[in-house]
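Residue numbers (this note's numbering), protein chains in the order written: chain A, 87 to 447; chain B, 87 to 447.
Backbone N, C-alpha and C define an ideal beta-carbon position, used for all residues, glycine too.
See below:
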């Protein structure tokens, strides 16, 4: 699998041009492209330009509304709902986060539920908007039902990511952006492309049996929650995924559980949906809600420095703080360009042809 | 291992009497006893009367102040700090939660950081106070450093539990109360008492090697984060434990990471502590911050009912919703009494003798 490095700026403009052709406003196209490219820059290849095709498919099927009329209703001084009018989540989530930050500046914390939305890309983009305001950010979303509850054998939950980020002073911010499943689908896709089997504890086949097959999700298989099995705490991973689902779907009036309209092409939406679209939950806390901000930042620096010097496990250089690997990747890719696998590159060129846009990075 | 069933009311009065003898006010002794007995009722034997001896030890060593002068400072409309003046966490955490609920009633959400505190028992007690107000509750705490970060081989974090609870209408509330390690110390103690080995993925020995020894923590060993190894997402469990540590310790000005003063007797406090005591973080959201409360509760009921009917895994009767096992145990133990293991029973009688209190359940 060879790859070609392409500058993020080129890809961003390219995505933007396509989304404008699909009916997005310049502002929404720009924001969407920014979210996708942030994923590519941070090394989350599964959530970057590789996903553009999926978004285009949903725009064309009418699931994503390119010209949404989003309505925000504030019901409490720290809480409000954004009905996203079937917007792409790449747009609804950051706009909701800005509302949350406004409320947070007023009363110390702010929370926005988002209903009637679609796939929002990487959670970190939205949560990290808080960092610019020296605030703590939180973002979560439900997603295509692919994960079985602990003790179950049915696809009921998405990989339901949650992201929490906390600013420091001189050190990099703490940015935890994690799926609540043992492995995200992207990891199975990579194993598939490399012709590798997957480890026990990632997935089950459609009858609930153990499997090493990376293509199992396309055969009715399911992902396992973080913890993998009952002995290692799968009920905790299930609980976390359920928390994210309830906050994203139940609180806001979006769909939840098995009713979440799928992003992946091999699933179909279920009938009798109880809510609107998919849901997200975003919000923030002020960093100085308990004590002086400089004191908090100083301790945050010390926390990070102490944890970096943890005695490493055998064969490991040092313990990485959540967010560090993505930061280093971002720095590298911003300078060298984003490595686009040749198969994906061919694919992007085909898309370019469809829109009669030259693809000359 | 035989056991005797003892009524919760008797044990609660008994704990209260002892704490009053140790200098607690009647109110604080009553609240502390209520938290401990709630753990026993819910089947969390490791956090109930079995822990009384540990609390007494810390009262006598001066780490727990029986007559604290706790000071609450509200810095934002939704955020404030409780300096617990070395109170037992069994008292500081529920009182802080009541402050959070007051703020939540005003602005939709409320958050209290607690510094200078001590072990707070089960997180669920504090978070569940929100349920009585139809609110969502959150509680977390840091704890004795016993868990290694992913990629590390050093005891840096506690089992750092987090609890989130969400009310329903006719169904039981959702109550997720989980340690962020693969297994809590209590599980190793149980294996030890039963003469069983522990599974791979729970702990490492003091040099970072794999182990099946349930006594390994007393030999310098360490617990593993939820996810257990790099292939199964240990960096996620580490990230969650770190989140809880930062929210509990760094934000509030309590200690964090390896500096958290230990509750377990086989660890000693480290020098140069950066903060005060141990820290907690509690708070709540209004259930109707995004839309009508009846609509949310109805969907919550439907969420629970749908997940209960998940196709079960082979050999499993049905999927349990977080909080259900503890609820059923509570119901059973409230009626039949709490099963106290004979060795613990002897121990409680010895304590009773020390205080010249009859132990006649």
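### Query
What is the DSSP secondary structure of residue 377 (chain B), reduced to helix, strand or coil?
In the second chain, counting from the first residue as 1, residue 377 (chain B) sits at position 291. Coil, per DSSP.
### residue 388 (chain B) classed as buried or exposed, judged by whether at least 16 other C-beta atoms fall within 10 angstroms
Indexing the second chain from 1 puts residue 388 (chain B) at position 302. Residue burial annotation: residue 388 (chain B) is buried, with at least 16 other C-beta atoms found within 10 angstroms of its C-beta.
### Query
Opposite residue 272 (chain A) in the DSSP bridges: which residues?
Mapped onto the first chain, residue 272 (chain A) falls at position 186. DSSP lists no partner for residue 272 (chain A).
### Query
What separation, rounded to the nearest whole angstrom, lies between the Cα atoms of residue 363 (chain A) and residue 341 (chain B)?
Taking the first chain and counting its residues from 1, the one referred to as residue 363 (chain A) is at position 277. Taking the second chain and counting its residues from 1, the one referred to as residue 341 (chain B) is at position 255. Those two C-alpha atoms are separated by around 43 Å.
### Message
Does chain B have any CB closer than 9 Å to the CB of residue 337 (chain A)?
### Response
Sequence index remark: in the first chain, residue 337 (chain A) carries index 251 (1-based). Judged by the 9 Å Cβ criterion, residue 337 (chain A) is in contact with chain B.
### Message
What would DSSP say about residue 357 (chain A), mapped onto helix, strand or coil?
### Response
Your numbering for residue 357 (chain A) matches position 271 in the first chain. Residue 357 (chain A): coil per DSSP, three-state reduction.
### Task
Report yes or no: is there a C-beta of chain A within less than 9 Å of the C-beta of residue 321 (chain B)?
As a position in the second chain, residue 321 (chain B) is number 235, starting the count at 1. Taking Cβ atoms only, chain A reaches closer than 9 Å to residue 321 (chain B), which makes this a yes.
### Task
Please confirm if residue 264 (chain A) has its CB atom under 9 Å from at least one CB of chain B.
Start at 1 with the first residue of the first chain, and residue 264 (chain A) comes out as number 178. Yes - at least one Cβ of chain B is within 9 Å of the one on residue 264 (chain A).
### Query
What does residue 269 (chain B) touch in chain A if you count any residue whose Cβ is under 9 Å from its own?
Position 183 of the second chain, counting from 1, holds the residue named residue 269 (chain B). In chain order: 317, 318 and 319.
### Message
Whether or not the segment 343 to 361 of chain B and the segment 239 to 256 of chain B are in contact is what I'm after, with contact meaning three or more pairs of Cβ atoms, one per stretch, closer than 8 Å; do they touch?
### Response
yes
### Message
Between residue 342 (chain B) and chain A, is any beta-carbon pair separated by less than 9 Å?
### Response
Residue mapping note: residue 342 (chain B) aligns to position 256 of the second chain, counting from 1. Residue 342 (chain B) counts as touching chain A.
### Task
Please confirm if the segment 123 to 131 of chain A is in contact with the segment 92 to 101 of chain B, defined as three or more CB-CB distances below 8 Å between the two stretches.
no
### Message
Just verifying my parser: in three-state terms, what is the DSSP assignment at residue 443 (chain B)?
### Response
In the second chain, counting from the first residue as 1, residue 443 (chain B) sits at position 357. It is coil, neither helix nor strand.
### Query
Taking the continuous alpha helix (DSSP H) assigned at residue 212 (chain B), which residues delimit it?
Counting from 1 along the second chain, the entry for residue 212 (chain B) is found at position 126. Segment 209 to 214, the alpha helix (DSSP H) holding residue 212 (chain B).
#### Entry: Any C-beta of chain B under 9 Å from that of residue 227 (chain A)
Residue numbering aside, residue 227 (chain A) sits at position 141 when the first chain is read from its first letter. No, its Cβ sits nowhere closer than 9 Å to a Cβ of chain B.
### Query
Mapping DSSP to helix, strand and coil, what is residue 89 (chain A)?
As a working mapping, residue 89 (chain A) is identified with position 3 in the first chain. DSSP places residue 89 (chain A) in strand when its eight states are reduced to three.
### Task
Could you please give the first and the last residue of the uninterrupted alpha helix (DSSP H) stretch that includes residue 100 (chain A)?
Within the first chain, residue 100 (chain A) is the residue found at index 14, counting from 1. Here the alpha helix (DSSP H) through residue 100 (chain A) covers 94 to 107.
### Task
Assuming residue 323 (chain B) contacts residue 266 (chain B) (C-beta within less than 8 Å), just tell me the rounded distance between them.
Here residue 323 (chain B) is taken as the residue at index 237 of the second chain, counted from 1. Here residue 266 (chain B) is taken as the residue at index 180 of the second chain, counted from 1. Contact between residue 323 (chain B) and residue 266 (chain B) holds: their C-beta atoms lie close to 6 Å from each other, under 8 Å.
### Message
DSSP has residue 167 (chain A) in a bridge; who is on the other side?
### Response
Position 81 of the first chain holds residue 167 (chain A). Bridge partners of residue 167 (chain A): A:159 and A:199.
### Message
Relative to the C-alpha of residue 213 (chain A), which candidate in A:196, A:201 and A:382 has its C-alpha closest?
### Response
Here residue 213 (chain A) corresponds to residue number 127 of the first chain, with the count starting at 1. When only C-alpha atoms are compared, the closest one is A:196.
### Task
At 9 Å on the CB atoms, spell out the chain A contacts of residue 377 (chain B), in chain order.
Stepping through the second chain from its first residue, residue 377 (chain B) is reached at position 291. Ordered by position in chain A, the residues that pass the 9 Å Cβ test against residue 377 (chain B) are 159, 161, 167, 199, 201, 337, 338 and 339.
### Message
Going by C-alpha to C-alpha distance, which of A:286, A:108, A:152 and A:112 sits closest to residue 172 (chain A)?
### Response
Counting from 1 along the first chain, the entry for residue 172 (chain A) is found at position 86. That would be A:152, whose Cα lies nearest to the Cα of residue 172 (chain A).
### Query
Are the C-beta atoms of residue 183 (chain B) and some chain D residue less than 9 Å apart?
Annotation note: the requested chain D is absent from the structure, which comprises protein chains A and B.
### Task
Buried or exposed for residue 301 (chain A), please, with buried defined as at least 16 other CB atoms from any protein chain shown within 10 angstroms of its CB.
Indexing the first chain from 1 puts residue 301 (chain A) at position 215. Under this definition residue 301 (chain A) is an exposed residue.
### Query
Which bits of chain B does residue 372 (chain A) rub up against, with CB to CB less than 7 Å?
The residue you call residue 372 (chain A) lines up with position 286 of the first chain. Result: 162 and 165.
#### Entry: Stretch pair the segment 251 to 265 of chain B + the segment 286 to 304 of chain B: three plus CB contacts closer than 8 Å
no
### Query
Considering residue 411 (chain A), what are the terminal residues of the alpha helix (DSSP H) in which it resides?
Sequence index remark: in the first chain, residue 411 (chain A) carries index 325 (1-based). Note, residue 411 (chain A): alpha helix (DSSP H), 410 to 422.
### Query
What residues from the segment 120 to 151 of chain A come within 9 Å of chain B, judged by C-beta to C-beta, listed N to C?
Nothing from the segment 120 to 151 of chain A brings a Cβ to less than 9 Å from some Cβ of chain B.
### Task
Could you confirm whether any beta carbon from chain B is found closer than 9 Å to the beta carbon of residue 214 (chain A)?
The residue given as residue 214 (chain A) occupies position 128 in the first chain. Chain B, which has no Cβ nearer than 9 Å to the Cβ of residue 214 (chain A), makes this no.
### Message
Rounded to whole angstroms, what is the Cα-Cα separation between residue 175 (chain B) and residue 107 (chain A)?
### Response
Position 89 of the second chain, counted from the start, is the residue given in the question as residue 175 (chain B). Position 21 of the first chain, counted from the start, is the residue given in the question as residue 107 (chain A). The alpha-carbon separation between residue 175 (chain B) and residue 107 (chain A) amounts to approximately 59 Å.
### Message
By alpha-carbon positions, which one of A:318, A:444, A:164 and A:431 ends up nearest to residue 136 (chain A)?
### Response
Mapped onto the first chain, residue 136 (chain A) falls at position 50. Nearest C-alpha to residue 136 (chain A): A:431.
### Task
Pair every Cβ in the segment 329 to 336 of chain A with every Cβ in the segment 331 to 341 of chain B, then say whether three or more of these pairs are closer than 8 Å.
no
### Task
Give the interface partners of residue 402 (chain B) over in chain A, defined as CB-CB distance under 8 Å, in chain order.
Position 316 of the second chain, counted from the first residue, corresponds to residue 402 (chain B). Near residue 402 (chain B) (Cβ distances below 8 Å), the residues of chain A are 237 and 238.
### Task
To the nearest angstrom, report how far apart residue 379 (chain A) and residue 398 (chain A) are at their CA atoms.
Against the first chain, residue 379 (chain A) aligns to sequence position 293. Against the first chain, residue 398 (chain A) aligns to sequence position 312. Going by the C-alpha atoms only, they are around 31 Å apart.
### Query
Exposed or buried, what is residue 385 (chain B) when buried is set at 16 or more other beta-carbons lying within 10 Å of its beta-carbon?
Residue mapping note: residue 385 (chain B) aligns to position 299 of the second chain, counting from 1. Buried, by the Cβ-count rule.
### Query
Got a sec, what are the start and stop residues for the beta strand (DSSP E) residue 206 (chain B) sits in?
Residue mapping note: residue 206 (chain B) aligns to position 120 of the second chain, counting from 1. Unbroken run through residue 206 (chain B): none, as it is neither H nor E.
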